[in-house]
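In the working numbering, the protein residues as written are 15 to 677.
This is the structure in structure tokens:
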């Protein structure tokens with residue numbers, strides 16, 4: 015129970031860090047995660063908190079690499095396999111040997127095998143970190159493809175070299191011939207075994223699809239179990255479990271490519287589940303780093319050994335990053351074969367060097383080091399975790415600062431949210447032309463405008479102010495109707511009560527909502543003398559009952575609410591037109607409230623078949639904008655794919671929630 019509580023608090027920290035990162039976008043997410051981890055370390059329950067190192071490879075690294083592999087583009091891997099393997103295997107080997115030897119010369123306290131292990135830890139690049147750099151600073155498509163898929167293979171190569179180095183340290187002996195043989199056995203054997211198991215799992219999934227047994231609970235659980243199953247079986251055969259997981263993930267990705275548009279709902283569910291799992295695991299690792307740092311720093315501070323000086327270790331970490339970055343720069347410039355000739359080869363190589371950010375896999379490897387070796391405490395574990403943390407933080411800071419400076423402004427593209435806004439506005443503009451089915455078109459327009467609200471940050475204080483001003487406009491309109499003799503004193507009195515109650519319910523406060531539910535349920539109970547109807551009224555949103563309540567009140571006195579509401583509605587709409595340019599998001603929210611009220615009080619039932627047609631028309635307008643923008647070169651294929659994915663998701667959401675649009 016204690017462990018469950020501790021992990022729940024860590025997950026809460028992950029959630030909070032992601033919220034902070036969304037609002038302070040210029041600071042990378044890992045910094046917030048680490049900071050919250052450090053703050054958690056102050057709590058007594060987290061003092062001396064440790065997870066079993068052996069669980070990291072199985073519980074964190076395996077599922078993350080499996081997901082990374084299944085999302086990799088088989089097209090890009092095949093097209094750039096030479097460059098990818100050059101960076102992922104050749105550069106990794108050279109970096110581990112060259113920088114590891116140099117590190118041992120500077121830091122003699124650390125055995126050579128552990129220097130190699132440390133470099134194997136800090137060599138893997140992180141796909142998520144790389145992607146976050148691309149989103150802010152788009153680069154050439156070929157560079158992006160190489161960097162994204164390099165991370166998959168150099169993770170695997172780094173892990174194998176880490177295992178070999180750690181094994182050599184524990185055994186105390188090192189044989190080059192044996193090391194090469196083990197490397198090939200683990201590397202090639204792991205890939206082959208993972209491919210075979212991956213084919214078996216894919217065959218099982220296709221069999222289930224063929225017989226309509228592909229429900230989310232079955233298919234998603236099979237996918238989630240796959241990396242653990244593959245890893246455990248491979249390790250039992252003394253093969254690389256990580257490489258087996260990578261191979262199985264690539265095979266799984268090929269199944270998705272074959273299915274394409276079939277089982278689209280399943281692919282959407284699976285993608286969302288993996289996104290959450292991967293993000294949570296990555297966040298947990300960085301929070302654990304924050305939890306560990308105070309203890310590691312305290313141990314280093316109390317050590318009498320001058321080589322364990324914290325400042326010296328920070329400089330060593332920065333030096334390791336600088337040397338391996340220089341190697342990566344030279345390797346990118348002279349060893350990579352570019353399909354597209356560049357006029358800025360050194361600039362492109364520098365971007366490649368800086369964009370090789372470290373992240374979750376590096377941290378997971380560091381935490382997977384044993385606490386004890388041959389029955390004795392592993393004294394170098396804290397040093398290696400600390401240096402690895404310095405390298406990770408440096409690798410995240412450097413591209414954040416320098417990549418925007420290196421890339422010229424014309425290499426950048428407009429943020430995705432601006433194009434999302436343009437898509438929605440294009441769909442709205444098209445639907446505004448609809449004359450025959452205006453009520454149904456307005457339902458769709460309101461829904462699209464709600465997307466604009468969700469993609470922006472509405473000012474709720476401003477919304478309340480606009481609601482209050484609209485309320486006053488309608489009150490003045492009704493008062494003028496009375497002054498002009500168009501309505502009676504009773505109609506003015508009852509409609510004023512209606513407006514006050516309407517304004518009360520529009521505030522959307524919980525206590526007001528409960529009061530209105532009680533009021534309407536008592537009214538319905540008295541009116542129909544039926545307890546069941548009273549209960550139904552209490553469970554119905556108050557705004558949905560207002561038109562029934564007030565229509566009955568007016569009819570009871572032989573009066574008609576509809577022409578009064580029509581005049582008030584038109585006056586409010588005219589008023590809100592004058593506010594549209596100043597406060598677009600908030601104005602749309604208020605407009606939607608009044609349109610919904612107007613439709614309900616007039617009893618305008620929309621035709622759901624027409625609403626469906628209007629939604630399809632809106633989606634078509636959005637697709638058309640993307641296609642035209644892609645053809646004219648305003649956006650690239652990568653951005654077009656992301657925008658099309660959003661539209662597809664919106665379509666799926668609409669089809670699953672059609673009934674919600676009846677209100």
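The beta carbon of each residue, even a glycine, is placed where N, CA and C say it ideally should be.
Query	Result
Straight-line Cα distance separating residue 227 from residue 374	35 Å
Residues bridged to residue 386 (per DSSP)	391
Residue 643, enclosing alpha helix (DSSP H) - first and last residue	622-645
Any 3 or more C-beta pairs closer than 8 Å across the stretch 72-80 and the stretch 106-120	no
Sub-9 Å separation of residue 307 and residue 48 beta-carbons	yes
Pick from 21, 516, 417, 442 that is closest to residue 462, judged by C-alpha positions	442
Outcome for residue 334 when other beta-carbon atoms lying within 10 angstroms are tallied against a minimum of 16	buried
Span separating the alpha-carbon of residue 290 from that of residue 81	11 Å
Minimum C-alpha distance to residue 515 - residue among 503, 529, 500, 410	529
Residue 134 vs residue 212 beta-carbon contact at 9 Å	no
Residue 372 classed as buried or exposed, judged by whether at least 16 other C-beta atoms fall within 10 angstroms	buried
8 Å contact criterion, which residue 203 and residue 253 should meet: CB distance rounded	4 Å
Local conformation of residue 416 per DSSP, three classes	helix
Spatially closest choice to residue 255 from 206, 294, 295, 221, by CA coordinates	206
Under the three-state DSSP convention, the category residue 52 falls into	helix
beta-carbon residue 258 near the ligand HEM non-hydrogen atom, thresh 8 Å	For the ligand HEM, the structure offers nothing, since it holds no ligand at all.
Cβ shell of residue 170 (< 6 Å), same chain only, five flanking positions each side left out	256, 257, 260
Beta-carbon proximity of residue 381 to residue 183, cut-off 9 Å	no
Beta-carbon spacing of residue 284, residue 349 below 9 Å	no
Nearest neighbour of residue 446, chosen from 657, 30, 631 [CA to CA]	631
Best match in 265, 247, 311 for proximity to residue 52 [C-alpha to C-alpha]	311
Boundaries (first-last residue) of the alpha helix (DSSP H) holding residue 36	16-37
Three-state secondary structure (DSSP) of residue 450	coil
Close beta carbons around residue 296, own chain, < 8 Å, minus the five adjacent residues each side	78, 142, 373, 374
Candidates 209, 120, 102: closest to residue 165 by CA position	102
Three-state secondary structure (DSSP) of residue 81	helix
Helix, strand or coil at residue 371 [DSSP, three-state]	coil
C-beta contact flag for residue 489 and residue 507 at 9 Å	no
Alpha carbon of residue 20 to alpha carbon of residue 66, nearest angstrom	14 Å
Which of helix, strand or coil DSSP assigns to residue 331	helix
Coil, strand or helix - residue 58 by DSSP	helix
Burial state of residue 44, where buried means 16 or more other Cβ atoms lie within 10 Å	buried
Pairwise C-alpha distance: residue 606 and residue 480	13 Å
Contact under 9 Å by Cβ, residue 344 with residue 420	no
Whole-angstrom distance between residue 163 and residue 99, CA atom to CA atom	10 Å
Residue 455 versus residue 448 - alpha carbon distance	7 Å
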